[in-house]
Amino acid sequence: MENKKDVCNEIIRRSGVNPRKCMKCGKCSGTCPAYDEMEYHPHQFVYMVETGDIEPLLKSKSIYRCLSCFACIDRCPRGVEPAKIVEAVRLSVIREQGNNHLKADDLPAMLDEDLPQQAIVSAFRKYSK
Amino acid sequence: MKVSYFPGCTLKTKAKDLDVYARKCAEFLGVTLEEIENWQCCGGVFTTSRDEIATKLSSVRALKEAKSKNQPLVSVCSACHNVIKQTNAAIKDDAEFASRVNNYNAPEDAYNGETQVLHYLELLRDVIGFDKIKEKVVNPLTGRKIAAYYGCLLLRPGKVMAMDDVENPTIMEDFIRALGAEPVIYSYRNECCGGYITLESKELAKAKSEKVTSNAKDKGAEAIVTACPLCKYNLQKNGGDMPIVYITELLAEALGIKE
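Residue numbers (our numbering), protein chains in the order written: chain A, 1 to 129; chain B, 130 to 388.
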């Protein structure tokens, strides 16, 4: 992998987020519906990308817990938009060959007859390339 | 009046009531929904990353088609509407993104965000008018206590969706009132149902959805109304006996055209 600084700069560029705007109030994590299931929370994503502490995030399952609800984007008092950082970190992982988090073969076991197509296409968009 | 219409994958399969009654009610109210030809799935969720181009092209094609007919582009599914509106905003706000999208499609026929993107509820409120709808109601839903569920995608991000106050919305409550029912206000109406996490973590989807339905029930709701097939699925799977209905079903019932 490229060096940590390059990875972080790429994440910042791709997300369009300026992590230095964050005043660490924690409101994003406080409003996150997946908070209890995350090892690293939205405010930590912002801080860790800013400081170059990227490896724990790339290895963490927390990147697959974001529900794309945009609550942290709307409720951040500084307009940091943490979900965009979470997404950019996840893309750094799943864009690498063989790193898809959801594979088509996994799908049959997850289906039931009421499940809307929307759930499947959304999950593929977030978890796979 | 005619508008362009993007139904989306789920409205053709698991959520036919959302599609069929959207068309019937609009027609009844004087607006024809003209389905975009050869539309492609929106992908379900918007990818916020600026270098994600291909995943947004289906939205751009639909937007271009509507532009060529000089019509607004309407969708009913909260997810389709969210993806298309966010893509349109990204084209307007980010010149680099717009140029890359246009290079993919047809640079000589560039799209620069000209199409107006409307959710079906906006069509009802801003084009047709809730007051006009109220006049056409033949079966007022008098005495019914109905809770609006906005979820995430209808309102957020607020500055892009620009449909209503993102934390204190009224569009669905006004809609419910126009049909003669009584809206129930509850705190979880714009909190997440769990969305696609239901594939990986039934527990998390259950925890999120149960909060919504139990909160609505505590406030006296006898049914919840939504515009999103995935919200409906999650709330129905996890929400006990609370009936979950689509906005279009409720509208058709009040207009006397429900089968």
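Virtual Cβ for every residue (Gly too), placed ideally from N, Cα, C. Every value quoted in this text rests on a predicted model; they were computed, and no experiment measured them.
C-beta neighbour in chain B for residue i, strict 8 Å
| i | result |
| --- | --- |
| A/Gly98 | no |
| A/Asp6 | no |
| A/Ser122 | yes |
| A/Gly26 | no |
| A/Gly30 | no |
| A/Lys84 | yes |
| A/Phe70 | yes |
| A/Gly16 | yes |
| A/Met48 | no |
| A/Pro42 | no |
Limits of the unbroken alpha helix (DSSP H) element including residue i
| i | result |
| --- | --- |
| A/Val86 | 82-94 |
| B/Glu156 | 145-157 |
| B/Glu225 | 224-234 |
| B/Val341 | 331-347 |
| B/Glu264 | 259-265 |
| A/Cys72 | 71-75 |
| B/Arg190 | 186-197 |
| A/Ser122 | 117-127 |
Boundaries of the beta strand (DSSP E) in which residue i is found, first to last residue
| i | result |
| --- | --- |
| B/Tyr375 | 373-375 |
| B/Tyr362 | Unbroken run through B/Tyr362 is the alpha helix (DSSP H), 358-367; no beta strand (DSSP E). |
| B/Ile353 | 352-355 |
Minimum Cβ-Cβ distance from residue i to chain A less than 8 Å
| i | result |
| --- | --- |
| B/Val189 | no |
| B/Lys337 | yes |
| B/Ala208 | yes |
| B/Gly323 | yes |
| B/Thr216 | no |
| B/Pro312 | no |
| B/Ser178 | yes |
| B/Ala144 | yes |
| B/Val174 | yes |
| B/Gly287 | yes |
| B/Thr244 | no |
Expected contact under 8 Å - CB spacing of residue i and residue j to nearest Å
| i | j | result |
| --- | --- | --- |
| A/Ser15 | A/Ile63 | So it is not a contact: roughly 13 Å between Cβ atoms. |
| B/Pro269 | B/Gly309 | 3 Å |
| A/Ala71 | A/Thr31 | 5 Å |
| B/Ile275 | B/Ala383 | Incorrect: roughly 11 Å between the Cβ atoms, too far for contact. |
| B/Lys214 | B/Val246 | 5 Å |
Residues that DSSP places opposite residue i in a beta bridge
| i | result |
| --- | --- |
| B/Tyr134 | B/Glu164, B/Val203 |
| B/His248 | B/Ser204 |
| B/Lys274 | B/Glu311 |
Quiz item: Can you give, in chain order, each stretch of the alpha helix (DSSP H) that sits fully within the stretch 283-328 of chain B and has at least 4 residues?
Solution: With a minimum length of 4 residues, the continuous alpha helix (DSSP H) runs that stay inside the stretch 283-328 of chain B are 287-290, 300-307.
Practice problem: Mind listing, in chain order, the continuous alpha helix (DSSP H) runs of no fewer than 4 residues lying wholly within the stretch 12-62 of chain A? | Solution: 27-31, 42-51, 55-59
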